[in-house]
Amino acid sequence: MLERKLLKDRTQVTFVLPADTPPGPVSVVGDFNEWKPGTHVLEPRGDGMRAVTVGLQAKSVHPFRYLAVGDYWFDEDHADGHDGTNSLLHT
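For the sequence shown, the numbering used here gives the first residue as 4, with consecutive numbering after it.
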């Protein structure tokens with residue numbers, strides 16, 4: 004799930020997944036962090052989910068994917084689109 008908060012010239016995007024699906028650490032990896040795993044790791048939050056928030060330039064498109072333990076890559080079900088390989092996020 005994606006949560007968005009519009010700011011003056013940026014959009015805060017929170018990437019949200021269930022706390023235990025998939026199990027183990029998960030990071031969101033995309034053009035906004037040079038595709039470096041571990042840069043934005045989802046952390047537990049009080050509602051039984053886990054999340055990480057990233058500030059992105061407004062009115063832009065960002066490809067991304069999730070990476071879990073065991074080199075398990077997966078997409079966001081609620082992404083704004085898909086380019087054949089990656090989920091797409093429109094800010």
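Don't be surprised by glycine CBs; every beta carbon is placed ideally from N, CA and C.
Rounded to whole angstroms, what is the Cα-Cα separation between residue i and residue j?
{"i": "VAL19", "j": "ARG53", "result": "6 Å"}
{"i": "VAL29", "j": "LYS8", "result": "22 Å"}
{"i": "MET4", "j": "ALA61", "result": "19 Å"}
{"i": "PRO26", "j": "ARG48", "result": "15 Å"}
{"i": "HIS43", "j": "TYR69", "result": "10 Å"}
Within 10 Å of its beta-carbon, does residue i have 16 or more other beta-carbons around it, so buried, or fewer, so exposed?
{"i": "PHE67", "result": "buried"}
{"i": "THR14", "result": "buried"}
Going by beta carbon distance, what residues of the same chain come within less than 7 Å of residue i, once the five residues before and after it are set aside?
{"i": "GLY51", "result": "ALA22"}
Mind checking who residue i pairs with in its DSSP beta bridge?
{"i": "MET52", "result": "PRO21"}
{"i": "GLU3", "result": "A query on residue 3 cannot be resolved here, the shown segment of the chain reaching from 4 to 94 and no further."}
{"i": "PRO66", "result": "LEU91"}
When the cut-off is 7 Å and only beta carbons count, does residue i lie next to chain C?
{"i": "ASP23", "result": "No chain C is present in this structure, which holds just one protein chain."}
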